[in-house]
Amino acid sequence: CPEARWRKDPQDGARFAALQSELLERIADRVYPGGVLVYSVCSTDPREGRDVVEQFVRNHRFERGLIPARYESFLTDKGDVVIPPGIEGRDGFFIARLEKVA
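In terms of this note's numbering, the sequence shown is residues 2 to 103.
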């Protein structure tokens, strides 16, 4: 929602990142080797997106996978997608495709 930026507290990014890290921790063992986990948040805050994913792949047998070409113009150097707020009137998004290593 566009007004979200006015309702957020500066500490929300760190708080949400901790919650999202916990969610990934809980699901990691439920993904089969060779399986795919898509992590997406409606935020472009690096603490909630990039940092959470980097910590997760350091601690688990997952690596980043390829995102469909449709998002090619939004790809980061790590292969994640960051869609800035305002594109087609939408919020910003972070998307990472994580593949569990066999």
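Don't be surprised by glycine CBs; every beta carbon is placed ideally from N, CA and C.
Spatially closest choice to residue i from the options, by CA coordinates
i	options	result
residue 57	10, 93, 103 and 30	30
residue 75	23, 95 and 25	95
residue 88	46, 72 and 14	72
residue 13	45, 68 and 25	45
residue 16	27, 62, 47 and 70	47
Outcome for residue i when other beta-carbon atoms lying within 10 angstroms are tallied against a minimum of 16
i	result
residue 33	exposed
residue 49	buried
residue 102	exposed
residue 81	buried
residue 25	buried
Whole-angstrom C-beta distance between residue j and residue i, which should lie under 8 Å
i	j	result
residue 18	residue 65	Not a contact, Cβ separation roughly 18 Å.
Nonlocal neighbours in the same chain, by C-beta distance under 8 Å from residue i, ignoring five residues either side
i	result
residue 91	84
residue 22	53, 56 and 57
Nonlocal neighbours in the same chain, by C-beta distance under 6 Å from residue i, ignoring five residues either side
i	result
residue 38	32 and 99
Residues near residue i by beta carbon distance below 7 Å, same chain, minus five either side
i	result
residue 35	101 and 103
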